[in-house]
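What follows is a set of notes on a single structure, which appears directly below.
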Amino acid sequence: MSTAFKMSPLTTGSVVQKREESGRLQAKIAQYERQMEENKHFTVVMGEPCTIQVELDPGQYVLHCLICNTKCHFPCEHGDTSDAKRNCPVMYNGYCCVCPETCHWAKHYSSRYCMETGTKKVTRTREDMKKAYFGALQEKLTAEESLNRLQKEVENTH
Ligand SMILES: [Zn+2]
Ligand SMILES: [Zn+2]
Ligand SMILES: [Zn+2]
9 MSTAFKMSPL
19 TTGSVVQKRE
29 ESGRLQAKIA
39 QYERQMEENK
49 HFTVVMGEPC
59 TIQVELDPGQ
69 YVLHCLICNT
79 KCHFPCEHGD
89 TSDAKRNCPV
99 MYNGYCCVCP
109 ETCHWAKHYS
119 SRYCMETGTK
129 KVTRTREDMK
139 KAYFGALQEK
149 LTAEESLNRL
159 QKEVENTH
């Protein structure tokens, strides 16, 4: 009884249904492929601003104010000694005319480095896109499996 049931040929209706189902699966696969295409750039290399310490040419300094946190003189040819700072052209009667607070020369320091803005490369992963990509991939594989099975079943009925 059960053998007879298994051996019974497929009806025309079920082949048609399987063809329809195959068509639906193919459309789904195409849709998943589009989703994968849209989300495939889930890792991006971007330039991010950063500060780089640049060593100045010999004999060059940047004169900073410790109070105002400003760059008062650049390039400054006066080194980091009391006399040198006092004699820097931005000082007038011992006080800085560049600082917003016109600070005393002693509140200044000279550095051999200046900070410049540069760009560093960073890799960013867009988690939402990554999830969408792998989700679509998984769905696509499942749909492809079902499609293969259906197509084999349809072929076997001929
Ligand atoms: Zn100052
Ligand atoms: Zn100077
Ligand atoms: Zn100053």
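The sequence shown begins at 9 in my numbering and counts up by one. Each residue gets a CB set at the ideal place from its N, CA and C atoms; glycine is no exception. Just so it is clear, the structure is predicted and the values come from calculations on it, not from any experiment.
1) Which class does arginine 32 belong to by DSSP, given the choice of helix, strand or coil?
2) To the nearest angstrom, how far is the alpha carbon of phenylalanine 82 from that of asparagine 101?
3) Between the C-alpha atoms of arginine 27 and phenylalanine 50, what's the straight-line distance to the nearest angstrom?
4) Within its chain, find whatever has a CB closer than 6 Å to the CB of lysine 128; leave out the 5 residues flanking it on each side and keep chain order.
5) Could you give the distance in angstroms between the alpha-carbon of glutamate 152 and the alpha-carbon of glutamate 135?
6) Could you name the residues of the same chain whose beta carbon sits closer than 8 Å to that of leucine 71, not counting the 5 residues immediately before and after it, in chain order?
7) Helix, strand or coil: how does DSSP classify glutamine 159 here?
8) Determine which residues share a DSSP beta bridge with lysine 79 and list them.
9) From the DSSP output, which residues share a beta bridge with histidine 116?
10) Leucine 64: which of Leu149, Glu124, Thr150 and Cys104 sits nearest, CA to CA?
11) If you reduce the DSSP assignment to three classes, tell me which class threonine 11 lands in.
12) Which two residues bound the contiguous beta strand (DSSP E) that contains arginine 132?
13) Ligand 4 and proline 97: does any heavy atom of the ligand fall closer than 7 Å to the residue's C-beta?
14) For ligand 1, which residues have a Cβ under 5 Å from at least one heavy atom, in chain order?
15) Measuring straight from C-alpha to C-alpha, what distance separates tyrosine 103 and lysine 138?
16) Which two residues bound the contiguous alpha helix (DSSP H) that contains aspartate 91?
17) Please classify valine 6: is it buried, with 16 or more other beta-carbons within 10 angstroms of its beta-carbon, or exposed?
The answer reads as follows:
1) Position 24 of the sequence shown, counting from 1, holds the residue named residue 32. Here arginine 32 sits in helix by DSSP.
2) For the purposes of this step, residue 82 is identified with residue 74 of the sequence shown, where counting begins at 1. For the purposes of this step, residue 101 is identified with residue 93 of the sequence shown, where counting begins at 1. So the two alpha carbons sit approximately 20 Å from each other.
3) Your numbering for residue 27 matches position 19 in the sequence shown. Your numbering for residue 50 matches position 42 in the sequence shown. Those two C-alpha atoms are separated by around 36 Å.
4) Along the sequence shown, one-based indexing puts residue 128 at 120. Hits under 6 Å: Glu56 and Cys58.
5) Taking the sequence shown and counting its residues from 1, the one referred to as residue 152 is at position 144. Taking the sequence shown and counting its residues from 1, the one referred to as residue 135 is at position 127. The alpha-carbon atoms of glutamate 152 and glutamate 135 are separated by roughly 25 Å.
6) As a working note, residue 71 is residue 63 in the sequence shown. So the qualifying residues of the chain are Lys79, Cys80, His81, Phe82, Cys84, His86, Lys93, Cys96, Val98, His116, Tyr117 and Ser118.
7) Position 151 of the sequence shown, counting from 1, holds the residue named residue 159. The answer is helix: DSSP assigns glutamine 159 an H, G or I state.
8) As a working note, residue 79 is residue 71 in the sequence shown. Paired residue(s): His72.
9) Within the sequence shown, numbered from 1, the residue matching residue 116 stands at position 108. Answer is Cys73, bridged to histidine 116.
10) Looking up residue 64 in the sequence shown gives position 56. For the residues Leu149, Glu124, Thr150 and Cys104, the minimum Cα distance to leucine 64 belongs to Glu124.
11) Translated into positions along the sequence shown, residue 11 becomes position 3. Here the model assigns threonine 11 a pLDDT of 42, short of 50, so the residue's position is not dependable, and the following value carries that caveat. Threonine 11: helix per DSSP, three-state reduction.
12) The residue given as residue 132 occupies position 124 in the sequence shown. Where arginine 132 is concerned, the enclosing beta strand (DSSP E) stretches over 121 to 133.
13) The ligand content of the structure shown is limited to ligand 1, ligand 2 and ligand 3, which means ligand 4 is not among them.
14) Cys73, Ile75, Cys76, Cys107, Glu109 and Cys111
15) Position 95 of the sequence shown, counted from the first residue, corresponds to residue 103. Position 130 of the sequence shown, counted from the first residue, corresponds to residue 138. Tyrosine 103 and lysine 138: Cα-Cα distance of roughly 59 Å.
16) Taking the first residue of the sequence shown as position 1, residue 91 is located at position 83. Note, aspartate 91: alpha helix (DSSP H), 90 to 94.
17) Only positions 9 to 166 of the chain appear in the structure, and residue 6 is not among them; the question remains open.
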